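In what follows, a structure is listed as structure tokens, so that the remarks can point back to it.
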Amino acid sequence: MSNSNFPKMLDYEKLKQQFGEQKPNQTDQQNHIAYQQADDTTSLDSPSDDETHDTPKPQGLTGTRLRSYAFAVLTRREYSKADLIEKLITYAQDRDEVIGLVEELAQNNYQSDQRVAEMTVRSQMRKGKGPNRIKLALRSKQLDKALVQEDLAEIDWYAQAYQLKVKKYGTEVAKDPKIKAKQIRFLQYRGFEMDAILKAISKKEID
């Protein structure tokens, strides 16, 4: 996956210009700061809002305040369209307004399912996950796996499975059926296909 697929982080000032947001007054500035402090979005794997209860959340947002909150959310991390809609609806007054706003953000590439899908693949691979677990992760974010179908097809899953097997069990090829079964279960749990698993556990160091 080329880094060219991932543009620079969103520029909040450009976002405001794009949507014609007026210069906020003191109250709006305070609200915006509260939104940012309330938002727990440090990474793709950050806890959801439902997992944090200490900080009050904005409620009944509409118009400029809803846009400001959406901007604050997107400048801190990437969201799939479905996740962003659900997040904003939690604090918005009008569901239809949220859907329209998210569609507008997507059309202007401020929100991108493509970026989120590619980032999900890379994140899962860093964790040693195979194609089946990656597809589950995409499905959980309501992302179409077709967005990264070519990227998934280009990955050497056999090499990925072998590296994981070596890290966990070493380079020695097990002869004991029980040990082999244990290695197979481990790699299956990580989401690898059986053909890649069998090659990985049978590979000799000199191969």
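Read in order, the letters of the sequence shown are residues 1 to 207 in full-length UniProt numbering. Glycine included, every Cβ here is placed at the ideal spot set by N, Cα and C. Keep in mind that this is a model prediction, so the values were computed, not measured.
Does the count of Cβ pairs from the segment 71–90 and the segment 146–155 closer than 8 Å reach three?
no
Delimiting residues of the alpha helix (DSSP H) encompassing Ala-106
95–107
Tell me which residues share the same chain as Glu-193 and place their Cβ nearer than 8 Å to its Cβ, disregarding the 5 neighbours each side in the sequence.
Gly-130, Pro-131, Asn-132, Trp-157
Does DSSP classify Ala-174 as helix, strand or coil?
coil
To which residues of the same chain is Asp-83 closer than 7 Å at the C-beta, ignoring the five residues directly before and after it?
Lys-141
Can we say the segment 61–81 touches the segment 100–113, given the rule of at least three CB pairs closer than 8 Å?
yes
Let me know the alpha helix (DSSP H) ranges lying completely inside the UniProt domain "RecX second three-helical" (112–150), each 4 residues or longer, listed in chain order.
113–126, 131–140
With a floor of 4 residues, list each alpha helix (DSSP H) that falls wholly inside the UniProt domain "RecX third three-helical" (155–201), ordered by position along the chain.
157–169, 177–189
Starting from Tyr-69, follow the alpha helix (DSSP H) in both directions and report where the run begins and ends.
63–74
Note down the Cα distance separating Ala-161 from Glu-97, rounded to an integer number of angstroms.
45 Å
Beta-carbon separation of Ala-137 and Thr-120 under 8 Å?
yes
Please name the residue in Ala-159, Arg-139, Ile-99, Lys-81 whose C-alpha comes closest to that of Val-128.
Note that residue 128 corresponds to Gly in the displayed sequence, not to Val. Considering only alpha carbons, the answer is Ala-159.
Give me the Cβ distance between Val-166 and Ala-117, rounded to the nearest whole Å; I'm assuming they're in contact under 8 Å.
Rounded, the Cβ-Cβ distance is 29 Å, inconsistent with contact.
Cutoff 7 Å; reference Arg-190; Cβ partners in own chain excluding five residues on either side:
Gly-128, Lys-129, Gly-130, Arg-133, Leu-164
Rounding to the nearest angstrom, what Cα-Cα distance links Ile-179 and Asp-195 in this structure?
18 Å
Those residues which DSSP pairs with Ala-92 across a bridge:
Leu-61
For Ile-197 and Ile-99, I'd like the C-alpha separation in whole angstroms.
43 Å
C-alpha gap between Ser-2 and Ser-202, whole angstroms:
Low confidence applies to Ser-2: its pLDDT is 46, below 50, so where it sits in the model is not reliable, and the reading given next is rough at best. Rounded to the nearest angstrom, the two C-alpha atoms are 32 Å apart.
7 Å Cβ shell around Thr-62 - same chain, five flanking residues per side excluded
Ala-92, Gln-93, Asp-94, Glu-97
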